[in-house]
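I have placed the structure first, in the form of structure tokens, so that the comments after it can refer back to it.
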Amino acid sequence: MTGPLRSHHGGDLGFLKRHNRSVILETVRRAPGVTRADVAVRTGLTKATVGAIVQELLNREWLREGALQQSGGGRPGRSLHPDASRHVLLGVDIGVKSLRLIACSLTGEPLIQHHIEQVPTTPEETATTLTEHIRTMLADDAVRDRHCLGMGVTLPGPVSPDRPLLRLAPNLGWRDVPFLELLKPLLPQVTGHWLLDNEANAAAFGEYYFHPGLLPDSLVYLSASTGIGSGLVTGDGHVPIVSRGRGGLVGEIGHTILQPGGLYCHCGNRGCAETLVSGWAIRAALNIPADRSVAETLRPRLNEPEVALTLRRAGEALGMLLLNLHHTLNPPEIVIGGSLAGLGDALLAPALAYFEQHRNGLLDTTGQVTVRVLEDSTFTAARGAAAEVMARAVQAP
Ligand SMILES: [Zn+2]
2 MTGPLRSHHG GDLGFLKRHN RSVILETVRR APGVTRADVA VRTGLTKATV GAIVQELLNR
62 EWLREGALQQ SGGGRPGRSL HPDASRHVLL GVDIGVKSLR LIACSLTGEP LIQHHIEQVP
122 TTPEETATTL TEHIRTMLAD DAVRDRHCLG MGVTLPGPVS PDRPLLRLAP NLGWRDVPFL
182 ELLKPLLPQV TGHWLLDNEA NAAAFGEYYF HPGLLPDSLV YLSASTGIGS GLVTGDGHVP
242 IVSRGRGGLV GEIGHTILQP GGLYCHCGNR GCAETLVSGW AIRAALNIPA DRSVAETLRP
302 RLNEPEVALT LRRAGEALGM LLLNLHHTLN PPEIVIGGSL AGLGDALLAP ALAYFEQHRN
362 GLLDTTGQVT VRVLEDSTFT AARGAAAEVM ARAVQAP
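Just so you know, we're using the numbering used here here: the sequence shown kicks off at 2 and counts up by one.
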């Protein structure tokens, strides 16, 4: 983690204060139970600065005090914890086949989760439908009396890095949609920060932000659903940073070419990874009706030779993507989520086997890469969007 800033570069004391506030909150989030003295030691800030900022975070009800703790040989101090009781963060994930909504606490604990099986139609209709569900959620006893810090919305396509504009969601048929401009006026009761992000980017952010235990330097989230995408988060700052690129295309691995001259993809190119491994490619290969879930349809049929062969080939393509991520980004941890992960070993075993066989070809020892498969990632992107709201709120004046 980056340490606190002490120099008054540019004289921006507001920036300095926000930065130190963020560093202190992150320190307590990562090690709940620390005292003010512990925080001062860990951050290198003076006890006076820590005391003032902790008091501000207590007043805002972002932190709470716990029992007296002995620390560092000095006087005992009150333990500090994130206050999960007062605020609510909202996250919405607009998928190709469903809408997922979450309301969670500052510690990422879900208070309410709604999964609505519904194919989004137009952006306008989707905004109207979401509004009804969000109003219902806000009226629920679990969140009604909490202070809302904001709402993050994700979509399955690249989002402009400098403004909340969906550039293209090929599997929804949406292009250049300023989605928050449609949704925000319908929900004046949602206070705080609003943001729009790509689904895999938000999922990666959340997996990093709420990561248990030792934090890796970076993390890649690979989203395998109707389409294939990924998000890269690096942790060299006190708040994780999502790589976005010039136009928001970082991580669009579903449209990297695995088979020159192969089948046509929704993006117009040929031989993209999505033509080999994606919900839509598997659906087309096995004639699964559009209104049926690929994973649920295939789970009882995994022993059929045609199904097994299709998933094995798709799994090998997924393994190639893992290998390409390893060789281009070399993250210490890769997390696989998305509805296709529900196909289990039929898809994942050939993917992981391919990765295992090839990943040390370039260097004999590249170190162990942790590959983690999420059994249920239904709300991963929505929770990640909520985490992004929290990170933004911490940094706000
Ligand atoms: Zn493509």
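For every residue, glycine included, the Cβ atom is placed at its ideal position computed from N, Cα and C.
Just to confirm the assignment, what range does the alpha helix (DSSP H) spanning residue i have?
i              : result
isoleucine 25  : 14 to 31
glutamine 396  : 381 to 396
histidine 359  : 346 to 359
tryptophan 281 : 280 to 286
glutamate 297  : 295 to 299
glutamate 182  : 180 to 184
For the putative contact between residue i and residue j, defined by C-beta atoms under 8 Å, what is the C-beta separation to the nearest angstrom?
i              : j            : result
threonine 371  : proline 333  : 7 Å
isoleucine 25  : threonine 44 : 6 Å
leucine 259    : glycine 269  : Not quite, the Cβ-Cβ distance comes to about 16 Å (not below 8 Å), so this is no contact.
glycine 339    : serine 294   : Between serine 294 and glycine 339 the Cβ distance is about 12 Å, and since that is not below 8 Å, they are no contact.
isoleucine 103 : alanine 383  : 4 Å
tryptophan 175 : lysine 185   : That pair is no contact at about 17 Å.
glycine 78     : cysteine 149 : Incorrect: roughly 32 Å between the Cβ atoms, too far for contact.
Quick one: does the C-beta of residue i sit closer than 7 Å to a heavy atom of ligand 1?
i              : result
asparagine 325 : no
asparagine 304 : no
asparagine 270 : yes
cysteine 149   : no
cysteine 105   : no
histidine 256  : yes
alanine 267    : The residue asked about is misnamed: residue 267 is histidine in this sequence, not alanine. True, at least one ligand heavy atom lies under 7 Å from that Cβ.
glutamate 376  : no
glutamate 275  : yes
Between which two residues does the beta strand (DSSP E) containing residue i stretch?
i             : result
valine 160    : Unbroken run through valine 160: none, as it is neither H nor E.
aspartate 94  : 88 to 95
alanine 170   : 167 to 170
threonine 235 : 229 to 235
aspartate 39  : Looking at the DSSP string, aspartate 39 is not in any beta strand (DSSP E); the run it does join, the alpha helix (DSSP H), is 37 to 44.
alanine 205   : Looking at the DSSP string, alanine 205 is not in any beta strand (DSSP E); the run it does join, the alpha helix (DSSP H), is 200 to 210.
histidine 116 : 111 to 118
alanine 68    : 64 to 70
alanine 102   : Strictly speaking, residue 102 in this sequence is leucine, with alanine absent from that position. First-last of the beta strand (DSSP E) with leucine 102: 99 to 105.
Where does residue i fall in DSSP's three states?
i              : result
histidine 134  : helix
asparagine 325 : helix
glycine 11     : Residue placement at glycine 11 is flagged as unreliable, the pLDDT there being 48, under the threshold of 50; the coordinate-derived value follows with that caveat. It is helical.
valine 251     : coil
glutamine 1    : The chain is shown from 2 up to 398; residue 1 falls before or after that span and cannot be answered.
isoleucine 289 : coil
glutamine 56   : helix
threonine 3    : For threonine 3, the predicted structure reports a pLDDT of 45, less than 50, and the residue's modelled location is therefore unreliable. A value from the coordinates is still provided. If DSSP states are grouped into helix, strand and coil, threonine 3 belongs with coil.
glycine 153    : strand
glycine 78     : strand
histidine 267  : coil
threonine 122  : coil
proline 83     : strand
Quick check: residue i and residue j, are their CB atoms within less than 8 Å of each other?
i             : j                 : result
valine 144    : isoleucine 113    : yes
glutamate 125 : glycine 385       : no
glycine 109   : phenylalanine 206 : no
glutamine 71  : glycine 34        : no
leucine 310   : alanine 274       : no
leucine 319   : alanine 347       : no
alanine 387   : glycine 96        : no
histidine 88  : arginine 136      : no
histidine 236 : leucine 216       : In the sequence on display, residue 236 carries glycine and not histidine. Their beta carbons are under 8 Å apart, which means glycine 236 touches leucine 216 by this criterion.
Just to check, is the beta-carbon of residue i closer than 7 Å to a non-hydrogen atom of ligand 2?
i             : result
histidine 115 : No copy of ligand 2 appears in this structure; the ligands present are ligand 1.
Using a Cβ-Cβ cut-off of 8 Å, state whether residue i counts as contacting chain E.
i              : result
isoleucine 335 : Here there is only one protein chain, and chain E is not present.
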